[in-house]
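Take a look at the structure below.
Below, the structure written as structure tokens:
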């Protein structure tokens, strides 16, 4: 094209293209989608010929391509980057995707078609991607797979450009229908269609140059009875395509830049937070490593104390969960009282004559009632143990996730301490039930409960009159409510003390003992995944930081350009210098490393 396109658009589009190229060169595309053009088409659609015409060079084929992509008819999702630098080509970044295949050829897997579609979808579904759909004129355009896929991800056609190839191969009589497609009457696309005629296989065999092919293309459209009008509408030839794609890409970049900058800032925020979680690795010197271990253990102990004291006020903290289980226990105690209504009548009469009472009946019934609570109490203990274990485990993972040896040792300590504490508590619970078998309470307490149960008022002197078997249920209920009150509070208090408070205290003391004669390097050994994650996060943070600087610098340059334009200053040179000077300087250093200028 003898530099026509390049020189015509250089001042307007170069800064935007340079910005995206810079972001891609520092690797931003690994984290965020950048504005770009993806080229898709069915096999033998003329896709490669279009790209060759745009780039001005023959694309890699045969042993050049095998060296990059490997030998064989399969596909690979690794990007192969080909950079073309010349004053005679347009400023574009294109991603050439594999041609859509329907039937596998020899050596290809049976699902090659699906593999290719999945690879294509990975690119064209991104909103930052412009889709360049290559469709031969000599096929049923409406049914081509490439156009169907583009419509699937871009139903309104706002980021799709249609390229019609092989206009010289269409059947006579179909020219009008093809024109209707180009004029957006069949399958409308906001960005429209352009028709091109590239080198055919015979011209490639005859070694017709790309420059000569451009002249042949121009001559073809000028002499065509139906298609010559497309030249005046800039809807035909590679040159028109190059200009349109360049302009559309720049507009696409302009629209995408604000959102891209926001994405970069969000990524920076997230990456910094992630890196804080990974924290710096331990120092290599023994003294520094021990200090690092001391600080790590201190942070862990502080967190455990916060959990056990209730100072860690977060949703579903340990006390919230314990309270739920204690409430269930309390409800169970009262439920048993209502459910187990005991008939103290002739069924419980011994050898005594009518009218005589027997305290042993009262005692047996209550002892049996209390005994039914022993298993639920142990079940409650196991539930409480698991809740506290989960809370402590979360703290361990948060504090020591990077150090597997320290994590394992801490978890072993927690399990050992909890096991001992549980054994002690089970003994205390057993003692509690043994005491409840004594059937004892202070007289004033029992009298108060009896009065509340019967809703009557009795004095100690009147109780002998109340000693009748017909009244035994009221008397049993009054005493059982006292048992319920004791058990409702006593067991939760013991469980909280033994399993949470004392466990936290014992664990804190035990953890500090690790500092005495411990193998510090072994305790602070990091898994390879942790170091790899830290390096990956740091690399992403570095490239995001550089990308943010470039975006901010570009935005400032655009503002300067706009302000200078208001006062008639030729600010384009300033903008181009800001962006390009660094690029030119970098290229000088690469080409002339020994140069001093």
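Residue numbers (UniProt numbering): 1 to 597. We put the beta carbon where it would ideally sit given N, CA and C, even for glycine.
Check: Where residue 518 sits in the DSSP three-state scheme; Outcome: coil
Check: For residue 105, the three-state DSSP class (helix, strand or coil); Outcome: coil
Check: C-beta atoms of residue 246 and residue 128 nearer than 8 Å; Outcome: no
Check: Under 8 Å between C-beta atoms of residue 227 and residue 195; Outcome: yes
Check: Same chain only: Cβ atoms within 8 Å of residue 499, ignoring 5 sequence neighbours per side; Outcome: 381, 384, 385, 388, 418, 421, 422 and 425
Check: Buried/exposed call for residue 15, threshold 16 Cβ in 10 Å; Outcome: buried
Check: Bridge partner(s) assigned by DSSP for residue 195; Outcome: 164 and 236
Check: Inter-residue Cα distance where the pair is residue 181 and residue 146; Outcome: 15 Å
Check: Beta-carbon proximity check, residue 366 vs residue 476, cutoff 8 Å; Outcome: yes
Check: The alpha helix (DSSP H) enclosing residue 376, as first and last residue numbers; Outcome: 374-400
Check: Check whether residue 323 and residue 541 have beta carbons under 8 Å apart; Outcome: no
Check: Per-residue DSSP class, three states only, for residue 17; Outcome: helix
Check: Residue 136: first and last residue of the uninterrupted beta strand (DSSP E) it sits in; Outcome: 129-136
Check: Rounded Cβ spacing between residue 548 and residue 264 (contact assumed at less than 8 Å); Outcome: 5 Å
Check: Supposed close pair residue 32, residue 267 - CB separation, criterion 8 Å; Outcome: 7 Å
Check: Option in 301, 361 and 403 with minimal Cα separation from residue 501; Outcome: 301
Check: Contact check, residue 530 vs residue 278, beta carbons under 8 Å; Outcome: yes
Check: Endpoints, the alpha helix (DSSP H) within which residue 478 is located; Outcome: 472-495
Check: Same chain, Cβ closer than 6 Å to residue 120, neighbours up to 5 away in sequence not counted; Outcome: 40 and 97
Check: Distance between residue 444 and residue 359 (C-alpha atoms, nearest Å); Outcome: 19 Å
Check: With 16 other Cβ atoms within 10 Å as the buried cut-off, status of residue 19; Outcome: buried
Check: Nearest-angstrom Cα separation, counted from residue 289 out to residue 282; Outcome: 6 Å
Check: Proximal residues to residue 34 (C-beta, below 7 Å), its chain only, five neighbours per side dropped; Outcome: 20, 23, 24, 28 and 128
Check: Other residues of its chain near residue 158: CB distance less than 6 Å, five sequence neighbours each side excluded; Outcome: 190
Check: Residue from 115, 54 and 229 with nearest C-alpha to residue 85; Outcome: 54
Check: Under the three-state DSSP convention, the category residue 110 falls into; Outcome: coil
Check: C-beta contact flag for residue 167 and residue 197 at 8 Å; Outcome: yes
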